[in-house]
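Student:
2 protein chains.
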Amino acid sequence: MKLYGYFRSSAAYRVRIALNLKNLPYETVPVHLLKDGGQQLAAPYRELNPTCLVPTLQEGDWALGQSMAILEYLEETHPNPPLLPVDARQRARVRAIAQFIACDIHPLNNLRVLKYLKHELKVDEEAKNAWYRHWAEQGLAAVEAMLAGHPATGRYCHGDQPSFADVCLVPQLANARRFNCDLGAMPTITRIDAACAELPAFQQAAPGSQPDAEA
Amino acid sequence: MKLYGYFRSSAAYRVRIALNLKNLPYETVPVHLLKDGGQQLAAPYRELNPTCLVPTLQEGDWALGQSMAILEYLEETHPNPPLLPVDARQRARVRAIAQFIACDIHPLNNLRVLKYLKHELKVDEEAKNAWYRHWAEQGLAAVEAMLAGHPATGRYCHGDQPSFADVCLVPQLANARRFNCDLGAMPTITRIDAACAELPAFQQAAPGSQPDAEA
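Sequence lines, in order, name chains F and Z.
Each residue of the first sequence is one higher than the last, beginning at 1 in the UniProt record's numbering.
Each residue of the second sequence is one higher than the last, beginning at 1 in the UniProt record's numbering.
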């Protein structure tokens with residue numbers, strides 16, 4: 001398998017964690033989101049993935065974009081170790097946390113959105129960072145509320161095995177720290193993040209550990 | 001089952017279509033996103049769903065938020081008629097289209113985002129509408145590129161049965177029309193939208209057919 005991505009993309013980071021947790025070897029193909037006016041916007045990447053977003057997973061000549069669809073595909077084709085519980089309501093809880101991060105936090109703070117704020121709406125650096133922190137802090141506070149004190153929350157977001165929810169949470173927190181978000185009132189998600197950081201699958205997926213990492 | 005939603009929420013609209021396609025009866029509980037400073041932001045809704053977003057599905061005292069998690073839950077607990085194909089790669093294709101709409105088009109044009117643009121960034125009406133059209137048109141053009149000429153595209157997004165992809169596409173197109181987006185160069189998605197519009201499940205889920213509909 002090949003994974004087209006960018007070291008800092010938190011969507012690519014999710015897929016890297018899942019591949020590692022499932023012990024699936026893959027080849028990294030870097031797509032630099034800033035160089036050449038954005039390598040994701042032009043051929044050959046655009047032909048592989050018309051959404052012009054990373055990541056894309058490739059198996060032979062078959063390609064699949066969209067990180068959440070990739071997670072489900074990996075779960076269906078390589079079910080062990082599982083990243084979803086067995087029970088339908090428990091699976092739903094894990095997916096609700098993961099999807100909330102993927103749909104309702106991450107897209108608002110994507111690189112292309114920050115670029116639009118700066119170049120089209122002429123928003124200054126301070127207001128752009130306030131935008132970032134607003135959505136990240138509001139969103140992560142909701143994740144904290146979903147997890148804190150819930151009987152199904154364990155060492156990880158759901159019980160004592162990592163799931164889709166942790167796979168999405170950890171990259172979002174890495175991003176939030178990069179933008180100096182205030183995580184002080186979020187003891188549950190920072191505790192879970194620290195537990196994940198002890199696992200090689202998460203360590204090896206970190207942006208700084210990627211072949212295209214920059215300072 | 002109870003579905004907490006708002007007639008114009010395209011996330012709630014997705015779930016309404018899926019419930020109808022699966023012939024599952026449900027009770028609508030309106031949550032007015034504009035009245036009372038936003039009924040989704042306060043008790044009792046906030047206690048039901050700490051993300052303060054609609055929709056939420058409730059069964060007895062169990063509640064599930066996040067439309068994409070709800071779709072997967074309904075598919076797992078009420079598999080017939082299916083809204084996903086059987087083959088893993090085909091399922092992945094359907095999910096990639098659906099998730100691209102849910103993660104990469106819809107959240108940027110959500111009510112809370114448009115409110116932030118207006119009230120916090122003091123963006124004028126014209127620039128706010130340009131923002132909307134930018135993300136909707138760019139995103140829907142990518143969906144058109146994923147569907148047009150693809151051998152798996154049929155009467156609907158995937159073959160001749162409605163799937164998660166159609167469930168997500170139709171509400172997004174309804175929204176795009178409301179904001180006067182240019183859909184002229186998107187013959188495939190507008191053809192599929194017209195095919196869906198012939199089905200009672202889609203008709204009965206439309207915003208104008210809801211008990212809380214306003215002019």
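Glycine is no exception: its CB is placed at the ideal position from the N, C-alpha and C atoms.
No experiment lies behind these values; they were computed from the predicted model shown.
Counting along the chain, where does the beta strand (DSSP E) carrying GLY65(F) start and finish?
Tutor: In the first sequence, counting from the first residue as 1, residue 65(F) sits at position 65. 62 to 65 is the span of the beta strand (DSSP E), which, as asked, contains GLY65(F).
Student: Leaving out five residues before and five after MET68(F) in sequence, what residues of the same chain have Cβ atoms less than 6 Å from its Cβ?
Tutor: Locating residue 68(F) in the first sequence gives position 68, where the first residue counts as 1. Taken in chain order, the residues that qualify are ALA102.
Student: Taking any Cβ of chain F, which residues in the segment 79 to 104 of chain Z have a Cβ under 9 Å from it, in chain order?
Tutor: Those would be ALA88, ARG89, ARG91, ALA92, ARG93, VAL94, ARG95, ALA96, ILE97, ALA98, GLN99, PHE100, ALA102, CYS103 and ASP104, in chain order.
Student: Alpha carbon to alpha carbon, what distance is there between LYS35(F) and ALA42(F)?
Tutor: Here residue 42(F) refers to the residue found at position 42 when the first sequence is read from its first residue. Here residue 35(F) refers to the residue found at position 35 when the first sequence is read from its first residue. Answer to the nearest angstrom: the Cα atoms are 11 Å apart.
Student: Which whole-angstrom value describes the C-beta separation of ARG8(F) and PRO207(F), a residue pair presumed to lie in contact below a C-beta threshold of 8 Å?
Tutor: Against the first sequence, residue 8(F) aligns to sequence position 8. Against the first sequence, residue 207(F) aligns to sequence position 207. Going by Cβ atoms, the distance from ARG8(F) to PRO207(F) rounds to 5 Å, so yes, they are a contact pair.
Student: Could you list which residues in chain Z have their beta carbon closer than 7 Å to that of ALA69(F), in chain order?
Tutor: Counted from its first residue, the first sequence places residue 69(F) at position 69. Near ALA69(F) (Cβ distances below 7 Å), the residues of chain Z are ALA92, ARG95, ALA96 and GLN99.
Student: Measuring alpha carbon to alpha carbon, tell me which residue in ASN129(F), ALA92(F), SER209(F) and VAL94(F) is nearest ARG178(F).
Tutor: Sequence index remark: in the first sequence, residue 178(F) carries index 178 (1-based). Checking every option, the nearest Cα to that of ARG178(F) belongs to ASN129(F).
Student: Give me the DSSP bridge partner(s) of GLU59(Z).
Tutor: Translated into positions along the second sequence, residue 59(Z) becomes position 59. According to DSSP, which records beta bridges pairwise, GLU59(Z) is partnered with TRP62(Z).
Student: Can you list the residues of chain F that MET146(Z) reaches, using a CB-CB cut of under 7 Å?
Tutor: Position 146 of the second sequence, counting from 1, holds the residue named residue 146(Z). Simply PRO50.
Student: Please work out which residues of its chain come closer than 7 Å, Cβ to Cβ, to LYS118(F), disregarding the five sequence neighbours upstream and downstream, and give them in chain order.
Tutor: The residue given as residue 118(F) occupies position 118 in the first sequence. For LYS118(F), where only same-chain residues beyond five positions count, the Cβ hits under 7 Å are LYS128.
Student: Determine, for GLU120(Z), whether the minimum Cβ-Cβ distance to residues of chain F falls below 9 Å.
Tutor: Residue mapping note: residue 120(Z) aligns to position 120 of the second sequence, counting from 1. Yes - at least one Cβ of chain F is within 9 Å of the one on GLU120(Z).
Student: Just grab the DSSP bridge partners of LYS2(F) for me.
Tutor: Locating residue 2(F) in the first sequence gives position 2, counting from the first residue. LYS2(F) pairs with GLU27(F) and GLN58(F).
Student: Give a yes or no on contact between the segment 90 to 110 of chain Z and the segment 69 to 80 of chain F, applying the rule of three or more CB pairs nearer than 8 Å.
Tutor: Verdict: yes, contact present.
Student: If you reduce the DSSP assignment to three classes, tell me which class MET100(F) lands in.
Tutor: By 1-based counting over the first sequence, the position of residue 100(F) is 100. It is worth fixing the name first, because residue 100(F) is Phe in this sequence and not Met. Correct three-state label for PHE100(F): helix.
Student: For PRO187(Z), would you say it is in contact with chain F, using Cβ-to-Cβ distances shorter than 9 Å as the test?
Tutor: Against the second sequence, residue 187(Z) aligns to sequence position 187. No, PRO187(Z) lies away from the interface with chain F (no Cβ there is under 9 Å from its Cβ).
Student: Going by beta-carbon coordinates alone, are GLU144(F) and PRO107(F) separated by less than 9 Å?
Tutor: As a first step, residue 144(F) is located in the first sequence; it is residue number 144 there, counting from the start. As a first step, residue 107(F) is located in the first sequence; it is residue number 107 there, counting from the start. In this structure, PRO107(F) does not lie closer than 9 Å to GLU144(F) by Cβ.
Student: Flag THR153(Z) as yes if its beta-carbon sits less than 9 Å from any beta-carbon of chain F, otherwise no.
Tutor: Mapped onto the second sequence, residue 153(Z) falls at position 153. No, because no Cβ of chain F sits closer than 9 Å to the Cβ of THR153(Z).
Student: If you follow the alpha helix (DSSP H) that GLU120(F) is in, where does it begin and where does it stop?
Tutor: Along the first sequence, read from residue 1 onward, the residue named residue 120(F) stands at position 120. Looking at the DSSP string, GLU120(F) is not in any alpha helix (DSSP H), and its letter there is neither H nor E.
Student: Distance cutoff 9 Å, beta carbons only. Does LEU21(F) sit that close to anything in chain Z?
Tutor: Looking up residue 21(F) in the first sequence gives position 21. It does not: the Cβ of LEU21(F) has no partner Cβ on chain Z nearer than 9 Å.
Student: If we ignore side chains and look at the alpha-carbon of each, how far apart do ALA185(F) and CYS196(F) end up?
Tutor: Your numbering for residue 185(F) matches position 185 in the first sequence. Your numbering for residue 196(F) matches position 196 in the first sequence. Taking the straight line joining both Cα atoms gives about 19 Å.
Student: Which residues mark the beginning and the end of the alpha helix (DSSP H) in which VAL167(F) is found?
Tutor: Within the first sequence, numbered from 1, the residue matching residue 167(F) stands at position 167. Counting along the chain, the alpha helix (DSSP H) containing VAL167(F) begins and ends at 164 to 178.
Student: Drop a sphere of 10 angstroms on the beta-carbon of MET146(Z), count the other beta-carbons inside from all chains shown, and report buried for 16 or more, exposed for fewer.
Tutor: Stepping through the second sequence from its first residue, residue 146(Z) is reached at position 146. Classification for MET146(Z): buried.
Student: So is LEU83(F) buried or exposed if we call it buried at 16+ other beta carbons inside 10 Å?
Tutor: Along the first sequence, read from residue 1 onward, the residue named residue 83(F) stands at position 83. It is buried - the Cβ of LEU83(F) has at least 16 other Cβ atoms within 10 Å.
Student: Could you give the first and the last residue of the continuous alpha helix (DSSP H) run that contains ALA11(F)?
Tutor: Taking the first sequence and counting its residues from 1, one reaches residue 11(F) at position 11. Where ALA11(F) is concerned, the enclosing alpha helix (DSSP H) stretches over 10 to 21.
Student: Would you tell me roughly how many angstroms separate the C-alpha atoms of PRO25(F) and ASP212(F), rounded to the nearest one?
Tutor: As a position in the first sequence, residue 25(F) is number 25, starting the count at 1. As a position in the first sequence, residue 212(F) is number 212, starting the count at 1. If I take the Cα positions, the gap works out to 17 Å.
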